[in-house]
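Enquirer: Note that this note's numbering has the sequence shown beginning at 574, numbered continuously upward. Where a beta carbon is used, it is the ideal one built from N, C-alpha and C, also for glycine.
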Amino acid sequence: MKVNDLLLLSGNDIPFPEAKIVIHQPRIREIAFMGEDGFYGGCEFLKFSKDNLTEEDRINLEKYSNFEVLMSIMKENNEIVNKHKVYVQMLFALLFPQYKMVISDGAFELQLEDNKFFIDKNNFESFKEVLDDMFCLKGDSSEEYRPIGEAAKKIAEKLKKRHQKLNQEKTESEKKISVLNRYISILSVGEHKDMNSLLDYTVYQLFDEFKRYQLKESYDIYFQAKMAGAQDLKEPEDWMQDIHK
Numbered sequence: 574m575k576v577n578d579l580l581l582l583s584g585n586d587i588p589f590p591e592a593k594i595v596i597h598q599p600r601i602r603e604i605a606f607m608g609e610d611g612f613y614g615g616c617e618f619l620k621f622s623k624d625n626l627t628e629e630d631r632i633n634l635e636k637y638s639n640f641e642v643l644m645s646i647m648k649e650n651n652e653i654v655n656k657h658k659v660y661v662q663m664l665f666a667l668l669f670p671q672y673k674m675v676i677s678d679g680a681f682e683l684q685l686e687d688n689k690f691f692i693d694k695n696n697f698e699s700f701k702e703v704l705d706d707m708f709c710l711k712g713d714s715s716e717e718y719r720p721i722g723e724a725a726k727k728i729a730e731k732l733k734k735r736h737q738k739l740n741q742e743k744t745e746s747e748k749k750i751s752v753l754n755r756y757i758s759i760l761s762v763g764e765h766k767d768m769n770s771l772l773d774y775t776v777y778q779l780f781d782e783f784k785r786y787q788l789k790e791s792y793d794i795y796f797q798a799k800m801a802g803a804q805d806l807k808e809p810e811d812w813m814q815d816i817h818k
């Protein structure tokens with residue numbers, strides 16, 4: 574399910590008709606309750622795909638959907654999986670603040686009074702697409718999923734910590750994730766904004782503004798250098814371009 578850019582930029586809740594519910598776009602200050610490590614850890618756990626496995630494992634799990642493998646992982650009882658299950662529960666609390674989430678047999682069950690709604694194998698891939706759009710996760714995953722057994726129930730002994738990029742590669746696997754707070758710190762100084770106002774942004778809004786800020790900074794530096802007589806400069810990208818192609 575592709576979410577339109579204006580809805581994402583508005584920060585409004587996102588209708589998810591496949592499950593007859595709406596998904597809340599959490600603000601950065603809400604995400605702060607679980608921290609960036611937990612937030613991105615939960616996102617990556619839900620983004621599980623067999624495409625990240627070895628060819629042998631993909632063949633062994635060919636008859637299972639990504640969701641079915643994920644639910645098998647959720648049944649595992651080891652330190653790393655248990656930690657990521659907590660991350661997933663906290664993430665669901667942010668996305669569905671009015672609901673109680675229960676991991677039932679074959680679904681994430683969302684309870685509201687006497688009503689129950691389900692994220693299951695029929696709508697899970699659409700749900701992941703919403704997460705990708707909402708949290709700007711596309712094309713930026715360096716996770717590796719390593720099998721611990723021969724079947725779906727034994728599929729993830731080790732989940733590496735998610736790594737984000739901030740104009741440089743992070744090569745230290747134990748490096749603390751600090752994308753959101755760095756973006757906020759940079760924008761608060763660079764744009765002379767109150768940091769508290771930036772904490773009320775959604776992830777999509779923050780990434781949008783940061784990207785636009787980078788483009789505008791490059792343009793301003795180029796223009797100032799040209800005015801000072803510099804030559805043979807590489808022309809910058811149009812800072813008013815569509816950044817959500």
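Within the continuous beta strand (DSSP E) that includes Val-576, where are the two ends?
Expert: Looking at the DSSP string, Val-576 is not in any beta strand (DSSP E), and its letter there is neither H nor E.
Enquirer: The alpha helix (DSSP H) that contains Lys-784, what's its start and end?
Expert: Unbroken alpha helix (DSSP H) run through Lys-784: 776–800.
Enquirer: So what does DSSP say about Glu-682, is it helix, strand or coil?
Expert: Looking at Glu-682 - three-state DSSP - the assignment turns out to be strand.
Enquirer: Any chance the segment 673–690 sits against the segment 590–603, with 3 or more Cβ pairs inside 8 Å?
Expert: They touch, by the three-pair rule.
Enquirer: Let me know if Thr-775 comes out buried or exposed under the rule of 16 or more other beta-carbons within 10 Å of its beta-carbon.
Expert: That one is buried.
Enquirer: In three-state terms, what does DSSP make of Met-607?
Expert: Residue state, collapsed to three classes: coil.
Enquirer: Who are the Cβ neighbours of Asn-655 in its own chain at under 7 Å, not counting the five residues just before and after it?
Expert: So the list is empty, once near-sequence residues are dropped.
Enquirer: Check Met-663 in the structure and name its three-state DSSP category.
Expert: In this structure, Met-663 counts as helix in the three-state DSSP scheme.
Enquirer: Over what stretch of residues does the alpha helix (DSSP H) that includes Ile-646 continue unbroken?
Expert: Here the alpha helix (DSSP H) through Ile-646 covers 639–647.
Enquirer: I'd like the span of the alpha helix (DSSP H) that includes Phe-700, first residue to last.
Expert: 697–708 is the extent of the alpha helix (DSSP H) around Phe-700.
Enquirer: Going straight from the alpha carbon of His-657 to that of Gly-615, what length do you get?
Expert: Going by the C-alpha atoms only, they are around 6 Å apart.
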